[in-house]
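Numbering (the working numbering), first residue to last: 4 to 572.
C-beta: ideal position from N, C-alpha, C; glycine also.
Bear in mind the structure is a predicted one, so any value in this text is a computation, not a measurement.
Notes follow once the structure below has been shown.
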């Protein structure tokens with residue numbers, strides 16, 4: 004009875020963890036369609052430009068008025084139409100506008116928006132207008148810089164980076180005597196490019212301010228299961244800041260190595276060349292409701308700024324601040340190869356120390372057999388081999404408990420009116436036959452951290468995004484569905500179809516449950532028999548990669564239990 008109770012406690016703990024993560028944590032939409040309508044609400048007025056999804060980019064009355072004044076003073080003549088320069092490397096395509104010298108588009112060549120679309124993945128959210136990788140002065144000492152019309156030295160609007168590093172510069176001259184040059188250097192390999200800001204002071208006064216370099220991104224107000232938002236590596240610690248926390252703390256200081264914005268699979272990071280006088284400033288500008296086809300979602304537009312003190316620049320002098328910029332996948336392998344400890348941004352939570360080795364092993368298997376479904380199977384087999392002794396001990400204990408069931412039934416019947424005496428007799432029975440009632444469950448308890456680590460890893464690993472297995476399983480990061488009914492079904496996340504792999508997994512759990520000794524309490528026995536059904540319903544919306552792991556683990560457990568029971572008998 005104690006064994007059944009502990010087993011039930013373990014199972015219920017897993018269910019509570021999964022149910023909370025999947026049903027009580029708000030979900031984000033499966034995909035983001037281009038917005039057709041909008042509704043904006045200013046949640047944090049500030050003196051910084053507020054970026055919303057609008058055709059003109061900035062939708063803040065105060066900011067618009069300031070821009071109008073600056074435009075009238077600094078640009079009395081009609082401005083030319085800003086050019087947009089497109090730079091293509093083997094890894095990505097980037098578009099930079101002369102308006103602000105900001106990035107307006109960044110698409111990845113090896114990643115797609117959806118499995119079937121074959122449209123390159125856009126890193127910059129469609130909910131953000133006006134571009135990203137912006138620069139400004141913290142105290143607005145150079146008015147108009149944020150939205151200035153720069154002039155590029157690019158001879159053509161389309162540049163291809165093949166063998167050598169390509170440099171593209173944008174320059175702007177302030178009538179007060181300041182000259183700003185933003186220079187981008189692109190290499191033919193990798194996802195990192197360099198970005199520098201040169202400030203020349205030809206005015207009559209000393210400039211003493213701090214430079215802001217920022218990413219502006221939009222995140223669903225009701226986020227997904229993985230962390231999405233701004234983060235930074237500060238004092239050797241990964242600081243992840245949720246939107247609601249920004250309202251109480253929006254400035255972070257310390258030994259800062261880099262700042263970043265990230266979602267489930269991708270991230271953009273600013274890595275300063277000089278590590279002194281740095282801080283991260285966050286601004287939750289507003290929420291924008293974007294309505295499209297079957298999509299209505301509220302977004303938090305977060306301005307994540309790296310603020311670096313420039314120091315005094317006296318008249319006739321200049322200063323250059325340089326940064327490395329990473330915009331790409333959250334792949335541990337790629338991030339480690341990029342340096343700067345960017346791989347710290349891949350965080351699997353409490354069991355990160357277990358999840359990272361599992362991810363490494365899965366990738367090792369994939370290197371030999373280029374199919375992540377098979378890699379998951381081999382990883383499961385390896386984990387099962389490592390825990391084989393514990394499993395053997397558990398199944399032997401369960402088998403011994405099964406043999407005692409007739410005697411347990413007699414004791415229950417004989418002392419059903421005297422619970423205290425019944426417990427004494429049961430404990431004496433365990434002692435006589437040298438059986439540990441908890442021996443079958445404690446080994447399973449030891450394995451729980453591995454399951455939870457794999458749960459987080461298989462959900463967040465970009466390696467499984469759009470990775471096929473076989474047949475109808477074309478995306479191991481998505482729920483398995485045979486056919487697509489195209490209708491809404493309760494408990495089913497789209498697309499709706501037959502969850503074949505999940506049903507097979509549920510059947511394997513039922514078989515495993517039938518092989519286990521029944522609980523002494525009839526109500527507990529009924530509950531245990533219902534467990535496979537509960538788990539099947541919960542797993543319906545799990546990624547097929549995680550379902551595959553659980554199915555293979557169940558099959559191996561059934562085989563081990565059958566082998567031990569047969570030999571023990």
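- Following the DSSP letters along the chain, one finds residue 394 inside the alpha helix (DSSP H) bounded by residues 391 to 406.
- Of the candidates 301, 260, 152, 245, the residue whose Cα lies closest to the Cα of residue 223 is 301.
- With three or more CB-CB distances shorter than 8 Å, the region 207 to 222 counts as touching the region 142 to 149.
- Per DSSP, reduced to three states, the secondary structure at residue 201 is strand.
- Taking C-beta atoms under 8 Å as the contact rule, residue 539 and residue 506 qualify, at a distance of about 7 Å.
- For the pair residue 364 and residue 457, the Cα-to-Cα distance works out to about 12 Å.
- The closest CA to that of residue 274, considering only 205, 348, 515, is found on 348.
- The beta carbon of residue 163 sits closer than 7 Å to the beta carbons of 91 from its chain, once the five residues preceding and following it are set aside; these are given in chain order.
- In this structure, DSSP gives residue 330 an extended state, which the three-state scheme calls strand.
- For residue 258, same chain residues with a beta-carbon under 6 Å away, outside a window of 5 residues either side, are 238 in chain order.
- Counting only the Cα atoms, residue 551 lies some 41 Å from residue 255.
- Setting aside the 5 residues that flank it on each side, residue 370 has no residue in the same chain whose C-beta is closer than 6 Å to its C-beta.
- By the C-beta criterion, the region 121 to 132 is judged not to be in contact with the region 173 to 186, since fewer than 3 inter-stretch pairs fall below 8 Å.
- When secondary structure is reduced to three states using DSSP, residue 162 falls in the strand class.
- Note on geometry: alpha-carbon atoms of residue 460 and residue 377 lie some 16 Å from one another.
- Burial check for residue 171: the Cβ neighbour count within 10 Å reaches 16 or more, so the residue is buried.
- Beta-bridge pairing by DSSP links residue 264 to 233, 271.
- Beta-bridge annotation (DSSP): residue 175 is paired with 183.
- Excluding its 5 nearest sequence neighbours in each direction, residue 115 has C-beta neighbours in its own chain below 8 Å: 121, 122, 123, 124, 469, listed in chain order.
- Within the model, the alpha-carbon separation for residue 471 versus residue 481 is close to 10 Å.
- Take the alpha-carbon of residue 151 and the one of residue 232: they are about 28 Å apart.
- Between residue 385 and residue 452 the beta-carbon gap is near 16 Å, outside 8 Å, which marks them as no contact.
- Scanning its chain for C-beta atoms nearer than 7 Å, with the 5 sequence neighbours on each side dropped, one finds around residue 206 the residues 179, 180, 181, 318, in chain order.
- Here the alpha carbons of residue 465 and residue 382 stand approximately 17 Å from one another.
- Contact check for residue 327 against residue 338 fails: the beta carbons are separated by 8 Å or more.
- Per DSSP, the continuous alpha helix (DSSP H) segment holding residue 370 begins and ends at 355 to 371.
- Beta-bridge analysis with DSSP links residue 121 to no other residue.
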